[in-house]
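Q: Sequence positions in the sequence shown follow the numbering used here and run 89 to 443.
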Amino acid sequence: MRRVLPLLYFLCSAAYAQDPGTRLHIESEDGRFSLNPGAHLQVRAQFQSANSDEPQHAFSIPRGRLLVAGHAWSKDLSYFLLTNWSPEQASLVDAFINYRIGAGVQVRVGQYKKPFSRHFLQDNPHVALVDYATIGSHYGTGRDVGLMFHNGIAQKTGFEWSIGTFDGGLHAPDDTGLPRRIHPIVVGRIGLSTPGMEEYSQIDFEGGSLRVAVGLNTQLDFDSDRNNDGNSQHGLDGMVKIGGLGGQFAIYTQTLQSDPDRWTAQQVVDYGLHTEANFVVDKRLAPAIRYSLVHARDRANGTDLEELTAGFTTYFQQHAVKWAHDIGALTQTDLGRRPRVESMLQIRTQVELSF
Numbered sequence: 089m090r091r092v093l094p095l096l097y098f099l100c101s102a103a104y105a106q107d108p109g110t111r112l113h114i115e116s117e118d119g120r121f122s123l124n125p126g127a128h129l130q131v132r133a134q135f136q137s138a139n140s141d142e143p144q145h146a147f148s149i150p151r152g153r154l155l156v157a158g159h160a161w162s163k164d165l166s167y168f169l170l171t172n173w174s175p176e177q178a179s180l181v182d183a184f185i186n187y188r189i190g191a192g193v194q195v196r197v198g199q200y201k202k203p204f205s206r207h208f209l210q211d212n213p214h215v216a217l218v219d220y221a222t223i224g225s226h227y228g229t230g231r232d233v234g235l236m237f238h239n240g241i242a243q244k245t246g247f248e249w250s251i252g253t254f255d256g257g258l259h260a261p262d263d264t265g266l267p268r269r270i271h272p273i274v275v276g277r278i279g280l281s282t283p284g285m286e287e288y289s290q291i292d293f294e295g296g297s298l299r300v301a302v303g304l305n306t307q308l309d310f311d312s313d314r315n316n317d318g319n320s321q322h323g324l325d326g327m328v329k330i331g332g333l334g335g336q337f338a339i340y341t342q343t344l345q346s347d348p349d350r351w352t353a354q355q356v357v358d359y360g361l362h363t364e365a366n367f368v369v370d371k372r373l374a375p376a377i378r379y380s381l382v383h384a385r386d387r388a389n390g391t392d393l394e395e396l397t398a399g400f401t402t403y404f405q406q407h408a409v410k411w412a413h414d415i416g417a418l419t420q421t422d423l424g425r426r427p428r429v430e431s432m433l434q435i436r437t438q439v440e441l442s443f
């Protein structure tokens, strides 16, 4: 043990000295097993002022995560385990096994991010502002338990595809430990990017000529539990980078089953728009701005959502060590004869470390 601890300290130091994105890597002599530990810590100070509540301000730890990843018995069989430790409780974030069946085909089983929305598929340290846009949760982004076939989701430059079936909401178990009801959903994504494009990282640290990426997403709830709540979400997203300038956009739409006897009787509920732009200076400082909108089709009973956020981030070791600040206005409008508007101003600053 006395020999191992100095060795681990040396390996960690060497990894940071060479590349801020490199993690500690432990591998067996025959290469059949590997282990890559990591961590992600955010310490945030936040002020919020809503028109119907008293102003609030607090320090928090939104993410205190530990991860273990690697491969076992073969480099084709990999694993990933991510946990979150907050002052309130510990929780499981990701836990999955991934197997490379052959060239261009992999299968993943466990709990992980559904392949929907480029913005949310980005690892959190790679977003340009303090946190993700609020529009994502409205269109069903998130993690779920499922089985997915893919060719390297969020890892491959060029053509990417993924399709999977998921639990549909991580329903609370009953006394048997099984879900109370079967409610599977199907989620799919295809994408295309030009060479040299880091398409799941907003900041253009690479620089260079024009690079482009586009993607299509769909999420289908077939109402298999006969609750008459079948629905679907669809999205088109893209990203552009050139010479330190980065931009991304997404267009969404959502439908809801209008006839209890026919799932195909889908009615459009709302439309969504999400845009962001940033520019990195000397790989150290990156101002950024975001705008998102959810526009309800039913102007009598629907709800509109809007977010406008701007800020800047100072990078000390690229995404591994950074300090982000932003200020944003969020508005929710409940439509009707007498529209009710709820607005909130939030100011955030956050120190972040990840490896």
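No residue lacks a Cβ here, since even glycine has one placed at the ideal position from N, Cα and C.
Run through the stretch 349 to 388 for me and flag every whole beta strand (DSSP E) of 3 or more residues, listed as ranges in chain order.
A: Qualifying beta strand (DSSP E) stretches, in chain order: 350 to 367 and 373 to 384.
Q: Which residues in the same chain as residue 226 place their Cβ atom closer than 6 angstroms to its Cβ, once the five residues preceding and following it in sequence are excluded?
A: Excluding sequence neighbours, residue 226 sits near 382.
Q: What does a CB cutoff of less than 6 angstroms around residue 415 pick up in its chain, not counting 5 residues either side in sequence?
A: Closer than 6 angstroms at Cβ, skipping near neighbours: 435.
Q: Mind reading off the beta-carbon distance from residue 235 to residue 224? Whole number of angstroms is fine, and I expect it under 8 angstroms.
A: The pair is not a contact, with the Cβ atoms about 23 angstroms apart (cut-off 8 angstroms).
Q: Taking the continuous alpha helix (DSSP H) assigned at residue 223, which residues delimit it?
A: Start and end: 223 to 226.
Q: Over the uninterrupted alpha helix (DSSP H) stretch that includes residue 209, give me the two end residues.
A: Taken as a continuous stretch (DSSP letters only), the alpha helix (DSSP H) holding residue 209 covers 206 to 209.
Q: Residues in its own chain within less than 8 angstroms of residue 450 by CB, not counting five upstream and five downstream?
A: The structure shown does not extend to residue 450, since the chain is modelled only from 89 through 443, so no value can be given for it.
Q: Should residue 329 and residue 275 be called a contact, given that it needs their Cβ atoms to be closer than 8 angstroms?
A: No. Outside cutoff.
Q: Using the C-alpha atoms, what's the distance from residue 157 back to residue 150?
A: Approximately 22 angstroms between the Cα atoms of the pair.
Q: Determine the direct distance from the alpha carbon of residue 134 to that of residue 396, and round the result to whole angstroms.
A: Answer to the nearest angstrom: the Cα atoms are 16 angstroms apart.
Q: Where do the N-terminal and C-terminal ends of the beta strand (DSSP E) with residue 253 fall, by residue?
A: From DSSP, the beta strand (DSSP E) with residue 253 extends over 247 to 254.
Q: Do the stretch 161 to 170 and the stretch 119 to 138 meet, that is, are 3 or more Cβ pairs less than 8 angstroms apart?
A: Touching, yes.
Q: Since residue 377 and residue 361 should fall inside the 8 angstroms C-beta cutoff, what is the C-beta to C-beta distance between them, to a whole number of angstroms?
A: Going by Cβ atoms, the distance from residue 377 to residue 361 rounds to 14 angstroms, so no, they are not a contact pair.
Q: How do the stretch 286 to 302 and the stretch 205 to 219 stand: do at least 3 beta-carbon pairs fall below 8 angstroms, yes or no?
A: Counting Cβ pairs under 8 angstroms, three or more are found: they touch.
Q: Give the C-beta separation of residue 440 and residue 412 to the nearest angstrom, bearing in mind that I take them to be a contact with Cβ-Cβ under 8 angstroms.
A: Between residue 412 and residue 440 the Cβ distance is about 7 angstroms, and since that is below 8 angstroms, they are a contact.
Q: If residue 222 and residue 418 are in contact, beta carbons under 8 angstroms, what's the gap, nearest whole angstrom?
A: Contact flag correct, Cβ pair sits at about 6 angstroms.
Q: Restricting to Cα atoms, I'd like to know which of 428, 404, 374 and 410 is closest to residue 389.
A: If we check each option's Cα against that of residue 389, 428 comes out closest.
Q: If you reduce the DSSP assignment to three classes, tell me which class residue 212 lands in.
A: The answer is helix: DSSP assigns residue 212 an H, G or I state.
Q: Cα-Cα, which of 326, 314 and 254 is closest to residue 287?
A: Comparing Cα positions, the closest option is 326.
Q: CB-CB under 6 angstroms to residue 347, same chain, minus the five flanking residues each way: which ones, in chain order?
A: Closer than 6 angstroms at the Cβ level, and outside the excluded window around residue 347, lie 353.
Q: Taking C-beta to C-beta, are residue 368 and residue 291 nearer than 8 angstroms?
A: The answer is yes: Cβ separation under 8 angstroms.
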